[in-house]
Amino acid sequence: FKDYVEKENPAKGEAVKEFDYGYCDPKVLNGYAIHDNMAKALDQIIAGKKDSKQALSDAEKKARQELDEAKKAFGK
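With the sequence shown counted from 1, adding 69 to any position gets you our numbering.
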């Protein structure tokens, strides 16, 4: 894709420079559970519904539960 941008669409070149630093979901079965629960925790912290320690602890527990359920469902 970087080659395409450099040759065909240089206007997007600045965005391509950030690809090496961008975020992606963890490469594990149902890795999105980690991302989703962390995002929910951040929302709760910003809204003042939970302090950071409690929100992150709850997110960790929920993500672990969802990861374990995915492993059980897919036999891994």
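Here a beta-carbon is modelled for each residue, glycine too, at the ideal position from N, C-alpha and C.
Remember, it's a predicted structure, so these values are computed and weren't measured experimentally.
Exercise. Where does Asp-39 sit, in a helix, a strand or coil, going by DSSP?
Worked result: Outside the shown range of the chain (70 to 145) lies residue 39, about which nothing can therefore be said.
For this session: Between the Cα of Ile-103 and those of Glu-75, Glu-129, Asp-72, Lys-76, spot the shortest distance and give me the residue it belongs to.
Result: Sequence index remark: in the sequence shown, residue 103 carries index 34 (1-based). With distances taken between CA atoms, Ile-103 lies nearest to Glu-129 out of Glu-75, Glu-129, Asp-72, Lys-76.
For this session: For Asn-106, count neighbouring C-beta atoms within 10 Å of its own C-beta (all shown protein chains included) and say buried if the count is 16 or more, exposed if not.
Result: The count along the sequence shown starts at 1 and reaches residue 106 at position 37. Residue burial is scored here from C-beta neighbours: Asn-106 has at least 16 other C-beta atoms within 10 angstroms and is therefore classed as buried.
Problem set entry | DSSP-derived helix/strand/coil call for Leu-125 | By one-based count along the sequence shown, residue 125 stands at place 56. Helix, per DSSP.
For this session: Measure the alpha-carbon distance for Lys-109 versus Ala-84 and round it to whole angstroms.
Result: Along the sequence shown, one-based indexing puts residue 109 at 40. Along the sequence shown, one-based indexing puts residue 84 at 15. The alpha-carbon atoms of Lys-109 and Ala-84 are separated by roughly 27 Å.
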